[in-house]
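2 protein chains.
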Amino acid sequence: MPKLTIRDIAQLAGLSKSTVSLVLNNSPKVDPATRDRVLEVMRSHNYTPSTAATALAKGRTPFIGMIVPGLTWHMVAAVNWGVASVIEQSPYEIILYTSTNEKDYSSLVERIRASGLSAGLLVVTHDQPLDPLEKLHRAGLPVVLVNTLGTPSTLPSVQADNYEGTRTALRHLAELGHTRIACVQGLMAYECCQERYRGYLDGLSNAGIEADPELTVDGSFHPPTIRERVTELLARRDRPTAIVAQNDNTAYAVMQAVIDCGLRVPQDVSVVGFDDIASSADTHPPLTTVRQPFPEMGKAAARLLLETIDGATGDAGPVRMSTSLIVRESTARAAKKPFRKARPPAAGPDAAPRTWSGLGPNVSRTS
Amino acid sequence: MPKLTIRDIAQLAGLSKSTVSLVLNNSPKVDPATRDRVLEVMRSHNYTPSTAATALAKGRTPFIGMIVPGLTWHMVAAVNWGVASVIEQSPYEIILYTSTNEKDYSSLVERIRASGLSAGLLVVTHDQPLDPLEKLHRAGLPVVLVNTLGTPSTLPSVQADNYEGTRTALRHLAELGHTRIACVQGLMAYECCQERYRGYLDGLSNAGIEADPELTVDGSFHPPTIRERVTELLARRDRPTAIVAQNDNTAYAVMQAVIDCGLRVPQDVSVVGFDDIASSADTHPPLTTVRQPFPEMGKAAARLLLETIDGATGDAGPVRMSTSLIVRESTARAAKKPFRKARPPAAGPDAAPRTWSGLGPNVSRTS
DNA sequence: CTGAAAGCGCTTACAG
DNA sequence: CTGAAAGCGCTTACAG
């Protein structure tokens, strides 16, 4: 059976195409009785108007483009979940663009522009340059960023409140009696890391703790480096009793290093992460961390984009989403002195029972 | 500046729309010189034909739909990477549908059908019922499954060779001298788990090892259960020297349990996973596992779909993709007796230095 | 090899 | 409140 057209419906209802179209666009000019009749005919014949024809006639498309990085991130999935839940309530569908590498990035953006397929663009940022997007936006295509790295940009964007998040984590540690609190920095080229670091510094000072420069180390989000730095920190006589990491994966490496030094989390050293990716609930011990509200960030970005497409203006700077501190078991009251002695991490695979974590979702259904 | 139309190009080139259209569809009937001129005009004016108009006139759409589960899976990202790399070479774009819960599933499929937007459908399966898709397929819409759970279906699908993958893992263990090899089953309702189990059994028998029913335990992909079962296994006098798990996340729980019993991986017990998700390269010790070629599965599925859309027929049953055994450090030669004694896992957070893993990608760039 | 004409399925003034 | 007509930007026989 060939797909029904508006002409078929008109015929079946004994009306003109015009009227059917008015019903389709629920114009108030149509007689209610007529409208109901048309609606009934459509329903009973399972009619759906052709998207292509509608798009052509109306001169606008029912798609929003979404660019996601071609990587394996909890974040992308979580953001997408939020985006999808908003867009599925709208008349739009999502066209998925995966940016597999930075080189192709501007040609991807160009392709999107040229196709004219998208009424707006949602971009989950990565490391890529933002100027192609800014040009596009200036040319009139609404663009909204889910800006997890906090890359400075004039584009409307949604991002977590990195500063406040970290400050809250510091308050938590201070309340637990910690005064020697170290920070393992991520990549300070990223704005989000700078913000988190400012949150660390101000969190210390709010608690009346003087920052000790020796307790700030650069981990560059690189586990081996982090393990080294943390081992050095723990070898100090005035070693820290708490360590904040700039993301969860980093916090895992910190915990690893603590254990490798023969110390315990959280009895000897408390550890705090940032992100709250799925696995952090299942580590041993479960990680205390600052949750980025990824699904909500996706929702907010999608809503913002839809509003912009519908003609809203206000470029009121980035939308800051509140984080929340998820207190689990990697933080505890600061240990009393004297300290349990740290021992240098064992070398070689045979040196000691290797440590291990039960990381992973509680039920992992695949495969 | 308003978007250029085919009429503008025709005018600029001093030709009719018809000819320009023929160039667009690279008809051989056009004079080469003419064609080049038209192409040049298009290029210099940055012309791209309207997708909507083309779709309407041609009566077919340039989209393929992709349904992904709304979950946080390494798998989805990896499959998508493969799909994207194939589709971006084709004239199609991907419309992303996220199935957030099973209840809405058939209405989602119905929405896709009704919209008529997709020329074909790629489905990353989850737990959902497959009949709505089968109906759709019978109604003429090409559908291809990336069937990670191995759910039986008449639909064309791509899936890993679960049987052979596990058999290979068993050969690896046998070669290392293991004869007491346990299997922690996942959810046996899934075909993929049954296949893997058959691979385990046949792998044993190929190595001349008689299967000991006591060494098969049900873990249901549930870490707490798994830790319990493994602890019981290790308490046996004739405990296994190797354990195969039916996926990586499960293997993590197995390793956790081994360590908690005071034993070492791999010196006392070798552990093998299945999947090779990203984190498995960074566990301590790195996990030996059977890799599912997710990106390749995505590519194969995308290619299969494109071929089907282009009129290929052959429903030759599921495409089986070869797995590969990734040997890392969680497997080693079987220990000589006498065994190191297992001790029951310590209870309570203070009982012993808690174990930990450095899980996570080596560089974790977010955030 | 190129052009004029009709058509894809819808929308939108414009009449009535 | 409803209908006839023109148009959205392309394609596709059909002439020539």
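Chains as they are written, first to last, in UniProt numbering: chain Y, 1 to 367; chain H, 1 to 367. Glycine is no exception: its CB is placed at the ideal position from the N, C-alpha and C atoms. What you are looking at is a predicted structure, and each value in this text was computed from that prediction instead of being measured.
- In its own chain, which residues sit with a C-beta less than 6 angstroms from the C-beta of Asp-202 of chain H, not counting the 5 before and 5 after it? As a first step, residue 202 of chain H is located in the second sequence; it is residue number 202 there, counting from the start. Answer for Asp-202 of chain H: Arg-167, listed in chain order.
- Mind pulling the chain Y residues with CB within less than 7 angstroms of Gly-177 of chain H? Residue 177 of chain H sits at position 177 when you count from the first residue of the second sequence. Here the premise fails: no neighbours, minimum Cβ distance about 18 angstroms.
- Tell me where the beta strand (DSSP E) around Tyr-200 of chain H begins and ends. The residue given as residue 200 of chain H occupies position 200 in the second sequence. Per DSSP, Tyr-200 of chain H belongs to no beta strand (DSSP E); it is in the alpha helix (DSSP H), 191 to 206.
- So Leu-96 of chain Y packs on Leu-96 of chain H, CB below 8 angstroms; how close in whole Å? The residue given as residue 96 of chain Y occupies position 96 in the first sequence. The residue given as residue 96 of chain H occupies position 96 in the second sequence. About 4 angstroms separates the two Cβ atoms, so the contact holds.
- What is the DSSP secondary structure of Ser-157 of chain Y, reduced to helix, strand or coil? Walking along the first sequence from the start, residue 157 of chain Y turns up at place 157. Here Ser-157 of chain Y sits in strand by DSSP.
- Using the beta-carbon count (16 or more within 10 Å), is Lys-299 of chain H buried or exposed? Mapped onto the second sequence, residue 299 of chain H falls at position 299. With 16 or more other Cβ atoms within 10 Å, it is buried.
- Message: My parser needs the alpha helix (DSSP H) runs of 4 or more residues fully inside the stretch 244 to 275 of chain Y; what are they?
- Response: 248 to 260
- Query: Tell me the DSSP bridge mates of Glu-93 of chain Y?
  - Reply: By one-based count along the first sequence, residue 93 of chain Y stands at place 93. Per DSSP, Y:Phe-63.
- Message: Contact criterion: CB-CB distance below 8 angstroms. Does Leu-121 of chain H meet it with respect to chain Y?
- Response: The residue given as residue 121 of chain H occupies position 121 in the second sequence. So no, Leu-121 of chain H is outside the interface.
- Query: Helix, strand or coil: which one does DSSP assign to Pro-32 of chain Y?
  - Reply: Reading the first sequence from its first residue, position 32 is the one you call residue 32 of chain Y. Helix.
- Item | Partner residues on chain Y for Val-76 of chain H, Cβ-Cβ distance less than 8 angstroms | Here residue 76 of chain H corresponds to residue number 76 of the second sequence, with the count starting at 1. Correct list: Ala-77.
- Message: On a Cα-Cα basis, can you pick out the residue from H:Arg-35, H:Ser-27, H:Asp-31 that is closest to Ile-9 of chain H?
- Response: Position 9 of the second sequence, counted from the first residue, corresponds to residue 9 of chain H. Checking every option, the nearest Cα to that of Ile-9 of chain H belongs to H:Arg-35.
- So, are the CB atoms of Val-123 of chain H and Val-184 of chain H less than 8 angstroms apart? Residue numbering aside, residue 123 of chain H sits at position 123 when the second sequence is read from its first letter. Residue numbering aside, residue 184 of chain H sits at position 184 when the second sequence is read from its first letter. The answer is no: Cβ separation not under 8 angstroms.
- Message: Using a 10 Å radius around the Cβ and a threshold of 16 neighbouring Cβ atoms, would you call Asp-104 of chain Y buried or exposed?
- Response: Locating residue 104 of chain Y in the first sequence gives position 104, counting from the first residue. By the 10 Å Cβ count, Asp-104 of chain Y comes out exposed.
- Item | Cutoff 8 angstroms: Ala-351 of chain Y Cβ touching any chain H Cβ | Reading the first sequence from its first residue, position 351 is the one you call residue 351 of chain Y. Since pLDDT at Ala-351 of chain Y reaches only 39, below the 50 mark, its modelled position is unreliable, and the value read off the structure follows with that caveat. No, because no Cβ of chain H sits closer than 8 angstroms to the Cβ of Ala-351 of chain Y.
- Message: Below 8 angstroms, how does it come out for the stretch 141 to 148 of chain H and the stretch 84 to 96 of chain H: are there three or more Cβ pairs, yes or no?
- Response: no
- Query: Any idea what DSSP makes of Asp-127 of chain Y, helix, strand or coil?
  - Reply: Counting from one through the first sequence, the residue named residue 127 of chain Y turns up at place 127. Of the three classes helix, strand and coil, the one that applies to Asp-127 of chain Y here is coil, per DSSP.
- Consult DSSP for Pro-293 of chain Y and reduce its assignment to one of helix, strand or coil. Residue 293 of chain Y sits at position 293 when you count from the first residue of the first sequence. Of the three classes helix, strand and coil, the one that applies to Pro-293 of chain Y here is coil, per DSSP.
- Message: Quick check on this structure: which residue in Y:Pro-49, Y:Ser-279, Y:His-178 has the alpha carbon closest to the alpha carbon of Arg-113 of chain H?
- Response: Taking the first residue of the second sequence as position 1, residue 113 of chain H is located at position 113. Closest by alpha carbon: Y:Pro-49.
- Task: Keeping to the same chain, check which residues put their C-beta closer than 6 angstroms to that of Gly-120 of chain Y; ignore five residues upstream and five downstream.
- Result: Mapped onto the first sequence, residue 120 of chain Y falls at position 120. Counting only Cβ-Cβ distances below 6 angstroms, and skipping sequence neighbours, we find Ile-64, Pro-142, Leu-305, Ile-309.
- Item | Exposure of Ala-257 of chain H, with buried meaning 16 or more beta-carbon neighbours within 10 Å | Position 257 of the second sequence, counting from 1, holds the residue named residue 257 of chain H. Buried: at least 16 other Cβ atoms inside 10 Å.
- For Val-327 of chain Y, name the three-state secondary structure that DSSP assigns. For the purposes of this step, residue 327 of chain Y is taken as the residue at position 327 of the first sequence. Three-state result, Val-327 of chain Y: coil.
- In this structure, what does DSSP give as the bridge partners for Gln-185 of chain H? Along the second sequence, read from residue 1 onward, the residue named residue 185 of chain H stands at position 185. Gln-185 of chain H is bridged to H:Asp-218.
- Can you tell me the Cβ-Cβ gap for Ser-85 of chain H and Thr-100 of chain Y, rounded? I've got them flagged as a contact below 8 angstroms. Counting from one through the second sequence, the residue named residue 85 of chain H turns up at place 85. Counting from one through the first sequence, the residue named residue 100 of chain Y turns up at place 100. That pair is a contact at about 6 angstroms.
- Is it true that the CB of Val-23 of chain H sits closer than 8 angstroms to the CB of Val-30 of chain H? Translated into the one-based positions of the second sequence, residue 30 of chain H becomes position 30. Translated into the one-based positions of the second sequence, residue 23 of chain H becomes position 23. Closer than 8 angstroms, so yes.
- Message: Please state the DSSP three-state secondary structure of Ala-242 of chain H.
- Response: For the purposes of this step, residue 242 of chain H is taken as the residue at position 242 of the second sequence. Strand at Ala-242 of chain H.
- Message: Would you say Asp-282 of chain Y lies against chain H (beta-carbon separation less than 8 angstroms)?
- Response: Taking the first residue of the first sequence as position 1, residue 282 of chain Y is located at position 282. With 8 angstroms as the cut-off, Asp-282 of chain Y counts as an interface residue toward chain H.
- For Thr-19 of chain H, which three-state DSSP category applies? Here residue 19 of chain H is taken as the residue at index 19 of the second sequence, counted from 1. Thr-19 of chain H falls in the helix class under three-state DSSP.
- Query: List, in order along the chain, the chain Y residues whose C-beta lies closer than 7 angstroms to that of residue 371 of chain H?
  - Reply: The structure shown does not extend to residue 371 of chain H, since chain H is modelled only from 1 through 367, so no value can be given for it.
- Task: Classify Leu-233 of chain Y as helix, strand or coil using the three-state DSSP reduction.
- Result: In the first sequence, counting from the first residue as 1, residue 233 of chain Y sits at position 233. The answer is helix: DSSP assigns Leu-233 of chain Y an H, G or I state.
- Query: Among the residues of its own chain, which have a CB less than 7 angstroms from the CB of Gln-292 of chain Y, if the five just before and after it don't count?
  - Reply: Here residue 292 of chain Y is taken as the residue at index 292 of the first sequence, counted from 1. Ala-160, Asp-275, Asp-276, Thr-323.
- List the residues of chain Y that Lys-3 of chain H touches, going by C-beta distances under 8 angstroms, in chain order. Residue 3 of chain H sits at position 3 when you count from the first residue of the second sequence. Neighbours of Lys-3 of chain H on chain Y, chain order: Gly-116.
- Helix, strand or coil at Leu-117 of chain H [DSSP, three-state]: Translated into positions along the second sequence, residue 117 of chain H becomes position 117. It is coil, neither helix nor strand.
- Task: Output the distance between the C-alpha atoms of Tyr-47 of chain Y and Ser-107 of chain H, rounded to the nearest integer angstrom.
- Result: Counting from one through the first sequence, the residue named residue 47 of chain Y turns up at place 47. Counting from one through the second sequence, the residue named residue 107 of chain H turns up at place 107. Answer to the nearest angstrom: the Cα atoms are 15 angstroms apart.
- For the stretch 183 to 210 of chain Y, enumerate the residues whose C-beta is nearer than 9 angstroms to any C-beta of chain H, in chain order. Gly-186, Leu-187, Tyr-190, Cys-192, Cys-193
- Task: List the residues of chain Y whose Cβ lies closer than 9 angstroms to the Cβ of Ala-21 of chain H, in chain order.
- Result: Translated into the one-based positions of the second sequence, residue 21 of chain H becomes position 21. The displayed chain sequence assigns Ser, not Ala, to residue 21 of chain H. Within 9 angstroms Cβ-Cβ: nothing; Ser-21 of chain H doesn't reach chain Y, min ~16 angstroms.
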